[in-house]
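In the numbering used here, the protein residues as written are -14 to 246.
Just so it is clear, CB atoms sit at the ideal spot from N, CA and C, and this is done for glycine as well.
Here's what the structure looks like:
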């Protein structure tokens, strides 16, 4: 059974897509079978995995409308060695098209269930808004990974997101939980960053990943080349940090299985 994880934060520009693409590539590097579902109409995860979003058809949009299956839509990231369900601008219309359909919140869950045995990890890159796409991701996910910057406004956004996850848990998906909080774009020289980091650890305890993703130029450059950072510069700090995150993700998965058993 695959681990299904949503990567989400209602605040934009906090490294969701960077984390989705590079965690997928790093898990694949460790021998895991990985599927990355791009749920953002901007299609940045699709492009970051080396797939041209303008010509990628079918996409997650057709999956949500039950026109195709995941097996019909998935494509291979040759640079990242994982599969991708692509997205492009047409996904922006999903909100309108889904609103009057039956089980509109559970369509992604049903689609992913058909390929659950094909993968060890299914990651979903969520848009920076709470809409039907994000709700579909939360309904399908076992857990949510929350990337966040250690700055004041990030704490306010985190409170809203945790409240949203609680509502989904009550109404749609009793199994969903917070996988962990990932500190990204971290600058250890910043006093504020250190203070916010300490507050997060104090409040969320072992839900905070030990791994910290630093600010790194190579991480920022890799998407423009359409490759994960491992394929761009595997020796840079960003690549090493995401490999460390992949290792920690596997350890946490093993611990969860042990608890369940």
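- Closest option to residue 157, judged by alpha-carbon separation, among -14, 92 and 99: 92.
- DSSP places residue 104 outside both helix and strand once states are collapsed to three, so it counts as coil.
- For residue 55, no beta strand (DSSP E) segment is defined; the enclosing uninterrupted segment is the alpha helix (DSSP H) at 55 to 58.
- With respect to the 8 Å criterion, residue 228 and residue 62 are not classified as neighbours on the basis of their beta carbons.
- In this chain, residue 156 is not harboured by any beta strand (DSSP E); it is covered by the alpha helix (DSSP H) spanning 137 to 156.
- For the set 213, -11 and -1, the Cα lying nearest the Cα of residue 140 is the one of -1.
- DSSP lists -8 and 23 as the beta-bridge partner residues of residue 110.
- One Cα belongs to residue 54, the other to residue 125, and the distance between them is close to 15 Å.
- Per the DSSP secondary-structure output, residue 171 pairs in a beta bridge with 199.
- For residue 37, the closest alpha carbon among the candidates 7, 69, 52 and 15 is that of 69.
- Taking the Cβ atoms as the reference, residue 32 lies roughly 7 Å from residue 208, within the contact range of under 8 Å.
- The alpha-carbon separation between residue 107 and residue 198 amounts to approximately 21 Å.
- Its Cα nearest to that of residue 86, the residue 50 stands out among -6, 223, 50 and 206.
- The C-beta of residue 84 has fewer than 16 other C-beta atoms within 10 Å across all chains shown, which makes the residue exposed.
- Nearest neighbour of residue -6 by Cα position, chosen from -12, 237, 138 and 104, turns out to be 138.
- Non-local C-beta neighbours of residue 94 in its own chain, meaning closer than 6 Å and more than five positions away in sequence, comprise 124 and 125, ordered along the chain.
- Residue 43 sits in coil when the DSSP states are folded into three classes, being neither helix nor strand.
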